[in-house]
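What follows is one structure encoded as structure tokens, with my remarks underneath.
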Amino acid sequence: MKFIYSILFISLSISLNAQDCTTYQDCLQKGIKGSSSDAEKVFGKAIKMANSDLEEAKAYFEMAKKLEREAKYDKKFIKKAIKSYEKAIKLNPSDYWPKEWLAGFYLTQVKDSDEAIKIYDEVLKENPNHARAIFRKGHVYFYQNQLTTSLPYFQQAKKLIETQTNSFDIHKSTKAEILLWEMAIRKRINQNYVYTKEELEELKSYRDLIENESTILGELALAYYDNDFLAQARAAADQALKLEGVTSADNSYQVKSKAALFVKGQQDFENKDYKSAAFRNSAAYERIINPHPAITYYRALSKFYYYATDATKHWVSNKALIQQGFQNTIKQVKDTKYEYLAVNAQKQLDAINAPNSKVGKDENFEKNFREFVINFSKMPSSYTLDYNSLRGRSIGHLKATQHYFGTGETNAIGLLCEGSNSYAFLVMVRTTRTNSQTTRFKVLSTDKAGNKNWIKDVCVTQKDMGRISVLGTFKLTISGNTFTLLGEDKHTNGHINKNTVTGSCL
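Just so we're on the same page, this note's numbering is the position in the sequence shown counted from 1, plus 550.
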């Protein structure tokens, strides 16, 4: 009982401290940082101490936001929240934000879209070129699933951004949001969720209009991917994620540029980093408003591999979600360039549903790995990549190769080192699509039984429409059982990416 009294005393003390304020600013900040249950009392003190209509309006606005939270759990706070918003608007009619918050409250909690529309109409009556109000009015119709009604508002807001005639100062991230939502609504109406070449060019124009905006760069990366420009896709994705300062896959849900995560997740998947691929592709799945067939498929596939091979104790709890992902893939890829993924998705479903199926290495992996190893000859101690003289054994047909790199064109370039406990191999992996060809040099490190330690990219060469857009080269030095590869990717625009891969065999 003493313990319960202590908790009550602490809670009461916190509540009293929140109300114990002596100045307007003190009360305002304590109200903002304090609990919603104390909002009326703390903000009430701030309102009494306000020295101007603007200060009083600010206190009412912040109190309304707190009361809105309470209204989610107790309907009696709905009228109080509305009244506070209205007082804030009356005291400072030139402030747009309380109007948007009130409109949003009417739409999402009160379920009164007519009142929300009325608020935006009043804003636009005084300021017809207010791009954000037009944009938010379009959202009201979108929220009601009236897509064709919402589109003209998104288009009008977009035009104001493109022509720079918007009369309301908004952050560039909001400008980007307006442009991307307009395109997304168009795509949803047309039921076309894969980016066309025309839309790729449109996204390029957005990138030029609003520089260094991660969400635009992320969608541009996906558009490049959809049109088989893989090097450009990865460059745009890297730039988007760099701008956001998020490099770890663990923080994927903090990223705004969700589409960039998908392109990065593909790289993780190629490198057999299924955990990072699963995290990034899952976050990418929640990008804007439209499903994308490739994202749907690779989200399910990366989760399949991660939970079936690495995090096996969580397989059962994720199995249904993975199955649903493959089922959704089969529906979404119809009549798109990704229609071939339907066959792959069905195979994965069959593997999950088959009672005796096994995931992972087969029983003959030791034999398969020996067949893999004998294709690699020792590399010289010093070597510079020369495409004209490069020779490699084709190993794409080997089961061990498919285990590490999947199906496709793969060549054994050479053995970098062999120790008592490990190997390091240099391989070339080539992916060919309709209009592009990507050649990657990779280092595979394994233990002596063939268990993967890691796979790292050295350099990449990209051909688009038969022309080289990125030329990858490397220089190799080996000293004993230690190796260093200095990779370099030269883009036709003059940009150079440098990469160093070092390792040793113990």
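Backbone N, C-alpha and C fix where the C-beta goes; we use that ideal spot for every residue, glycine too.
In angstroms with no decimal places, state the Cα-to-Cα distance between Q579 and H721.
-> 25 Å
Pick from K616, Y610, D778, K630 that is closest to D645, judged by C-alpha positions = Y610
Sequence-distant residues of its chain with Cβ nearer than 6 Å to F779 (five each side left out) = D1014
Please name the residue, chosen from K863, A962, N938, that lies closest to G946 on a Cα-to-Cα basis.
-> A962
Using 8 Å as the threshold, is the stretch 961-978 in touch with the stretch 753-773, meaning 3 or more CB pairs across them?
-> no
Hey, A799 and D818: beta-carbon distance below 8 Å or not?
-> yes
Quick one: measure Cβ to Cβ for S995 and N1031, integer angstroms, because I've assumed they're closer than 8 Å.
-> Their Cβ separation, rounded to whole angstroms, is 12 Å, which puts S995 and N1031 out of contact at 8 Å.
Give me the Cα-Cα distance between N1047 and F704, rounded to the nearest whole angstrom.
-> 38 Å
Are F812 and R830 closer than 8 Å when you measure CB to CB?
-> yes
To the nearest angstrom, how far is it from the Cα of Q493 to the Cα of K616?
-> Residue numbering for the chain in the displayed model covers 551 to 1056; residue 493 lies beyond these limits and cannot be assessed.
Sequence-distant residues of its chain with Cβ nearer than 8 Å to S1019 (five each side left out) = F779, A781, Q782, Q1012, K1013, H1041, T1042
Secondary structure, beta strand (DSSP E): runs of 3+ residues fully inside the stretch 973-1028 = 986-997, 1002-1014
Rounded straight-line distance, which links the Cα of R990 to that of K806 = 29 Å
Any heavy atom of the ligand NAP closer than 7 Å to the Cβ of K622?
-> Looking for the ligand NAP in the displayed structure turns up nothing, as the structure carries no ligands at all.
Apart from the five residues just before and just after S927, which ones in its own chain have a Cβ nearer than 7 Å to its Cβ?
-> G964, L965
7 Å Cβ shell around S602 - same chain, five flanking residues per side excluded = none
Among L1035, L851, N1049, G654, the one whose alpha carbon lies nearest that of Y635 | G654
By DSSP, does S907 sit in helix, in strand, or in coil?
-> Low confidence applies to S907: its pLDDT is 48, below 50, so where it sits in the model is not reliable, and the reading given next is rough at best. In this structure, S907 counts as coil in the three-state DSSP scheme.
Confirm, please, whether the CB-CB distance from A870 to T879 is below 8 Å.
-> no
Mind checking whether A833 and Y857 have CB atoms under 8 Å apart?
-> no
With a 10 Å radius around its C-beta and 16 neighbouring C-beta atoms as the bar for buried, classify H1045 as buried or exposed.
-> exposed
Tell me whether the beta-carbon of N777 lies closer than 8 Å to the beta-carbon of Y824.
-> no
Any idea if P678 is buried or exposed, counting beta-carbon neighbours within 10 angstroms, 16 or more meaning buried?
-> exposed
Can you give me the start and stop residues for the alpha helix (DSSP H) that T658 sits inside?
-> Counting along the chain, T658 falls outside any alpha helix (DSSP H), and DSSP gives it neither H nor E.
Are the stretch 678-687 and the stretch 706-718 touching by the rule of at least three beta carbon pairs closer than 8 Å?
-> yes
Going straight from the alpha carbon of K1025 to that of A974, what length do you get?
-> 16 Å
Compare the Cα-Cα distances from K1002 to each of K608, V993, E889 and report the closest residue.
-> V993
Taking Q874 as the reference, which of L899, K917, E889, R941 has the closest Cα?
-> L899
Run of the beta strand (DSSP E) containing G1037, from where it starts to where it stops | 1032-1041
CA nearest to the CA of G987, picked from R1017, G969, S970, A631 = Correcting the residue type first, residue 987 is Gln in the shown sequence and not Gly. Residue R1017 is the option with its Cα nearest to Q987.
Quick one: measure Cβ to Cβ for I711 and I728, integer angstroms, because I've assumed they're closer than 8 Å.
-> 5 Å
Compare the C-alpha of L935 against each of A895, D1039, T1023 and name the closest.
-> T1023
Where does I554 sit, in a helix, a strand or coil, going by DSSP?
-> Any reading at I554 needs caution, since the residue's pLDDT is 42, under 50, leaving its predicted position unreliable; the model's value is listed next. Three-state DSSP puts I554 in a helix.
Indicate whether S764 and L793 have their beta-carbon atoms separated by less than 8 Å.
-> yes
Residues near V1051 in its chain [Cβ-Cβ closer than 6 Å; skip 5 each side] | V993, K1006, V1008, L1035
Quick one: what's E959 bridged to in DSSP?
-> R980
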